[in-house]
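Asks: Right, I'll just put the structure down here and ask away after.
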Ligand code: TEU
Ligand code: CA
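Residue numbers (the UniProt record's numbering): 1 to 543.
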């Protein structure tokens, strides 16, 4: 298998399928649904963290890297899952959260007791003038430093106060990390997704500097001085020693050049990376917690075009996606879940699925699962959302306005239980799921399969198209831009053949000549009009 052959399906473990009816998704639930995933056609599943945790950030705060979260099952369940998945030709990719540990991890606890060795596993800094060492901000709000009274020290947490950043400069730490990765590789996993991996290299020279332009900037520790050294070391001493392991890095706020360096096979670092710029096009001045900006399809597609073009030229490899567990559902965000449910779900599927790179499907998007549309703050769970709620309250916004913002932006939107059927709790569980999901449009797999327009069947079709046509995997890409801001048009080609992909990303009819473009191999509408595209119409021609 090659990196371009992967079709990855991300599972938010807590929300996929609950096998023992405690309201929480689990490993046996996933095992039960392997035939479903096989039928869909994917060949990899990425599981969000399955390790022991206090669940402050739903598993991204790891207490013990070697133990399975008991809510999800046991090590035996995990081994069985790997084995069963293999029978369905599906491989398992695990989430490696190595930038930070939970503050309940034994290393941190020892550090808290004053143990110098373990304090050096993290970033503990002296208290000078009762001010945090720098003005850096946590991604979840507030200072990135927490003061410890007893020790008169500050420690760094780029995420929640319960997620303390690890000191990768410390050789001992890197040794422990290698041990963790190798432990899981030995269990038979075939993929690694590295959480916020381009943030692990903090400045070497101390004292660290304040952010100057804006306190929210993250230049001081993004793509840091030693980042490529650390990744080359991980590659050399862990996954390169095993056959057929694929790695993807979460590369937040990186740049073109670093991205290509991380994912160029000649560099022996990672196979591919996620970038997020196209998912910030609805932020106003880079601020997440404000009402969505008017849809800007031009900006959205230009970002994709620029990134694709640069990475093609410099041998970078993009993990393409539109939704994940940190993002609202793309059908609600970029499409139109109310009036053009099927059309926009299928149009945006094609929008990323045939780009140069490896596609990542987020559980539920293959049936067009939508945002939550909650009416009360109590219905939300995510700590980032709850922090944002408090912040917006302090700023004096009315409850109604706050809920409107949160309904658009909350990460919980992407974490609703999978809607399998029309039973109570949509067949996810027999008991109340951990996260409330009203499913206002009543979208379930059962209903989708009954529709004459099934999104699930459309996903099966595009997966088969990728499998059957090498060009979609290894061909070159070329964009036909500047025709119309609402149209996204690209070609995949090699010396022998060409595919033309034409998408109307908007909810309005768009004039466009479609005569003589070749043989239609996919169309999300019944008809083809000679001179216009329907709302969210998506067509692939073969030439
Ligand atoms: O996310 C990292 C990250 O920076 C974002 O996607 C984050 O959710 C967003 O900036 C918040 O506005 C990763 C994980 O995917 C996320 O679930 C974890 O919470 C985070 O790391 C910490 O481990
Ligand atoms: Ca369960």
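We put the CB at the ideal spot given by N, CA and C, even for glycine. Every value quoted in this text rests on a predicted model; they were computed, and no experiment measured them.
How would you call residue 17, buried or exposed, if buried means at least 16 neighbouring beta carbons within 10 angstroms?
Replies: By the neighbour-count rule (16 or more Cβ atoms within 10 Å), residue 17 is buried.
Asks: Take the Cβ of residue 353 as the centre, count every other Cβ of all protein chains shown within 10 Å, and call the residue buried at 16 or more, exposed below.
Replies: Its Cβ being crowded by 16 or more others within 10 Å, residue 353 is buried.
Asks: Beta carbon of residue 51, beta carbon of residue 363: below 9 Å?
Replies: Against a cut-off of 9 Å, the Cβ pair of residue 363 and residue 51 comes out as no contact.
Asks: With DSSP run on the structure shown, which of helix, strand or coil describes residue 102?
Replies: In the structure shown, residue 102 sits in a strand (DSSP, three-state: E or B).
Asks: Taking just the CA atoms, how far does residue 26 sit from residue 48?
Replies: Spanning the two alpha carbons is a distance of roughly 11 Å.
Asks: Counting only the same chain and skipping the five closest in sequence on each side, list residues whose C-beta sits under 7 Å from that of residue 345.
Replies: Closer than 7 Å at Cβ, skipping near neighbours: 331, 335, 368, 455.
Asks: Exposed or buried, what is residue 250 when buried is set at 16 or more other beta-carbons lying within 10 Å of its beta-carbon?
Replies: Buried, by the Cβ-count rule.
Asks: To the nearest whole angstrom, what separates the beta carbons of residue 317 and residue 193, a pair I think is in contact under 8 Å?
Replies: That belief does not hold up - the Cβ atoms of residue 317 and residue 193 are roughly 14 Å apart, past 8 Å.
Asks: Count the other C-beta atoms from every protein chain shown that fall within 10 angstroms of the C-beta of residue 214, then say buried if there are 16 or more, exposed otherwise.
Replies: Exposed.
Asks: Would a C-beta distance cut-off of 9 Å place residue 163 and residue 60 closer than the cut-off?
Replies: Going by C-beta atoms, residue 163 is nearer than 9 Å to residue 60.
Asks: Quick one: which unbroken beta strand (DSSP E) runs of 3-plus residues sit fully inside the region 182–242? Chain order, please.
Replies: The region 182–242 contains these whole beta strand (DSSP E) runs: 191–194.
Asks: What separation, rounded to the nearest whole angstrom, lies between the Cα atoms of residue 405 and residue 323?
Replies: Going by the C-alpha atoms only, they are around 18 Å apart.
Asks: Can you tell me whether residue 464 is buried or exposed, with buried defined as 16 or more other CB within 10 angstroms of its CB?
Replies: It is exposed - the Cβ of residue 464 has fewer than 16 other Cβ atoms within 10 Å.
Asks: Would you list the residues sitting across from residue 131 in a DSSP beta bridge?
Replies: According to DSSP, which records beta bridges pairwise, residue 131 is partnered with 128.
Asks: Would you mind listing the alpha helix (DSSP H) stretches within the region 391–436 that are 4+ residues and don't spill past its ends, in chain order?
Replies: Counting only runs of 4 or more, we get 399–409.
Asks: Taking Cβ positions, are residue 531 and residue 500 nearer each other than 9 Å?
Replies: Result no, Cβ atoms of residue 531 and residue 500 do not sit closer than 9 Å.
Asks: From residue 159 to residue 258, what distance separates their C-alpha atoms?
Replies: Distance between the alpha carbons of residue 159 and residue 258: 23 Å.
Asks: Can you tell me which of the three DSSP states residue 306 falls into?
Replies: Helix.
Asks: For residue 23, which three-state DSSP category applies?
Replies: Looking at residue 23 - three-state DSSP - the assignment turns out to be coil, as it is neither helix nor strand.
Asks: So, residue 7 versus residue 358, is the Cβ gap smaller than 9 Å?
Replies: A contact, by the Cβ cut-off of 9 Å.
Asks: What number of angstroms, rounded off, separates the C-alpha of residue 87 from the C-alpha of residue 32?
Replies: Taking the straight line joining both Cα atoms gives about 13 Å.
Asks: Residue range of the alpha helix (DSSP H) that residue 343 falls in?
Replies: Taken as a continuous stretch (DSSP letters only), the alpha helix (DSSP H) holding residue 343 covers 341–353.
Asks: Would DSSP call residue 388 helix, strand or coil?
Replies: Residue state, collapsed to three classes: helix.
Asks: For residue 80, which option in 307, 30, 247, 140 has the closest C-alpha, if you only look at C-alpha atoms?
Replies: With distances taken between Cα atoms, residue 80 lies closest to 30.
Asks: Use the C-beta contact count for residue 321: other C-beta atoms within 10 angstroms, 16 or more gives buried, fewer gives exposed.
Replies: Looking at its Cβ environment, which holds 16 or more other Cβ atoms inside 10 Å, residue 321 is buried.
Asks: List in chain order the residues whose CB is within less than 5 Å of at least one heavy atom of ligand 2.
Replies: This criterion selects 18, 20, 22, 24, 26.
Asks: Using CA atoms only, rank isn't needed, just tell me which of 414, 450, 517, 460 is closest to residue 439.
Replies: The shortest Cα separation from residue 439 among 414, 450, 517, 460 belongs to 414.
Asks: Which word fits residue 149, buried or exposed, when buried means at least 16 other C-beta atoms lie within 10 angstroms of its C-beta?
Replies: It counts as exposed.
Asks: Using the beta-carbon count (16 or more within 10 Å), is residue 243 buried or exposed?
Replies: It is exposed - the Cβ of residue 243 has fewer than 16 other Cβ atoms within 10 Å.
Asks: Touch check for the region 64–73 and the region 111–119: three-plus C-beta pairs under 8 Å?
Replies: They do not touch, by the three-pair rule.
Asks: Going along the chain, which unbroken runs of the alpha helix (DSSP H) with 4 or more residues stay wholly within the region 248–303?
Replies: Those alpha helix (DSSP H) runs which fall completely within the region 248–303 and span 4+ residues are 256–263.
Asks: Helix, strand or coil: which one does DSSP assign to residue 495?
Replies: In the structure shown, residue 495 sits in coil (DSSP, three-state: anything other than H, G, I, E or B).
Asks: Say yes only if the C-beta of residue 51 is nearer than 8 Å to one or more non-hydrogen atoms of ligand 1, and no if none qualify.
Replies: Result no, Cβ not under 8 Å from ligand 1.
Asks: Heavy atom of ligand 1 less than 8 Å from the Cβ of residue 412, yes or no?
Replies: Flag unset: Cβ of residue 412 not near ligand 1.
Asks: Taking only heavy atoms of ligand 1 into account, decide whether any of them is closer than 8 Å to the Cβ of residue 55.
Replies: No, the Cβ of residue 55 stays beyond 8 Å of every heavy atom of ligand 1.
Asks: Check residue 10 in the structure and name its three-state DSSP category.
Replies: Looking at residue 10 - three-state DSSP - the assignment turns out to be strand.
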